[in-house]
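Contents: one structure, followed by commentary.
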Amino acid sequence: MKTSYSILIQLSMINLLAVLCLGQDFDFFYFVQQWPGSYCDTQQSCCYPKTGKPATDFGIHGLWPNYNDGSYPSNCDPDSPFDQSEISNLTSRMQKSWPSLACPSSDGMKFWSHEWEKHGTCSESVLDQHGYFKATLDLKNKVNLLQILKSSGIIPNGRFYSFNGITKAIKGATGYTPGIECNVDEAGNSQLYQIYLCVDTSGSDIIECPILPRGKCSSSIEFPSF
């Protein structure tokens, strides 16, 4: 009986480990950039980082592992907390390209910690902590969304642009269909908030999205100034 019980315990542990390992698998990344003007132009408002007002540019929100069915893993490794020392040589780049607009004003560490622990730990089989943040910053350098939109006459000046026009401009420049997410300004207008591009599991190459997020956008979208 004891032998049978020991075997059952061992099998249970093996099954548990298998589930944990499967939980860290993923099919692709969402690389998400957000427009600061739309983050701030809501009833919630925003707070600039301690380093001052960010550049008038799209900022990184995150690099999120996803499954092809639209679901995603999260908080995959509680034994891998965010370690500021791991990104010491990336901090200046992150302050510029990955600023936090949440209140109260901060140095960004809480934001980056959240992104690593919720999303980054689910890609540890591919990217360690330094690699995760560096890959995300490199993707930002690879895709200049603001310049892409400006080249198509889509400028952050408070005017309204067609949803299809924004999508077409980004696809024309990158070769891939973006996901567009909108939020609502204080007047209740739909505004351009976040842009999703899909990235392969190496975290380096943009791919066509297996599934696009639901963006809740109107056919005409405001692109607010910042």
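Under mature numbering (1 follows the signal peptide of the UniProt record, and there is no 0), read the sequence shown as residues -23 to -1, 1 to 203, first letter to last. All C-beta atoms in this analysis are idealised placements derived from N, C-alpha and C, irrespective of residue type, glycine included.
Span of the alpha helix (DSSP H), counted from its first residue to its last, around residue i
i           : result
residue 13  : 13 to 17
residue 118 : 106 to 119
residue 189 : Careful: residue 189 lies outside any alpha helix (DSSP H) and carries neither H nor E.
Those residues which DSSP pairs with residue i across a bridge
i           : result
residue 175 : 7, 184
residue 199 : 137, 168
residue 36  : 11
residue 41  : 7
Inter-residue spacing [alpha-carbon to alpha-carbon] between residue i and residue j
i           : j           : result
residue 142 : residue 56  : 45 Å
residue 115 : residue 61  : 19 Å
residue 127 : residue 174 : 18 Å
residue 32  : residue 52  : 30 Å
residue 178 : residue 6   : 6 Å
residue 157 : residue 58  : 31 Å
residue 25  : residue 92  : 19 Å
residue 45  : residue 18  : 32 Å
residue 112 : residue 73  : 15 Å
residue 194 : residue 16  : 15 Å
residue 124 : residue 148 : 13 Å
residue 90  : residue 139 : 36 Å
residue 85  : residue 9   : 17 Å
residue 133 : residue 100 : 34 Å
residue 146 : residue 153 : 10 Å
residue -3  : residue 164 : Here the model assigns residue -3 a pLDDT of 43, short of 50, so the residue's position is not dependable, and the following value carries that caveat. Those two C-alpha atoms are separated by around 46 Å.
residue 122 : residue 54  : 32 Å
Whole-angstrom C-beta distance between residue j and residue i, which should lie under 8 Å
i           : j           : result
residue 171 : residue 162 : With a Cβ gap of about 14 Å, residue 171 and residue 162 do not count as contacting.
residue 23  : residue 78  : 4 Å
residue 14  : residue 203 : 3 Å
Residue i, enclosing beta strand (DSSP E) - first and last residue
i           : result
residue 142 : Premise fails: residue 142 lies in the alpha helix (DSSP H), 140 to 151, not in any beta strand (DSSP E).
residue 158 : 156 to 161
Spatially closest choice to residue i from the options, by CA coordinates
i           : options            : result
residue 117 : 107, 26, 69, 36    : 36
residue 47  : 188, 137, 96       : 188
residue 42  : 109, 28, 119       : 109
residue 4   : 102, 13, 71, 75    : 102
residue 130 : 10, 14, 200        : 200
residue 39  : 144, 186, 76, 152  : 76
residue 67  : 197, 122, 181, 107 : 107
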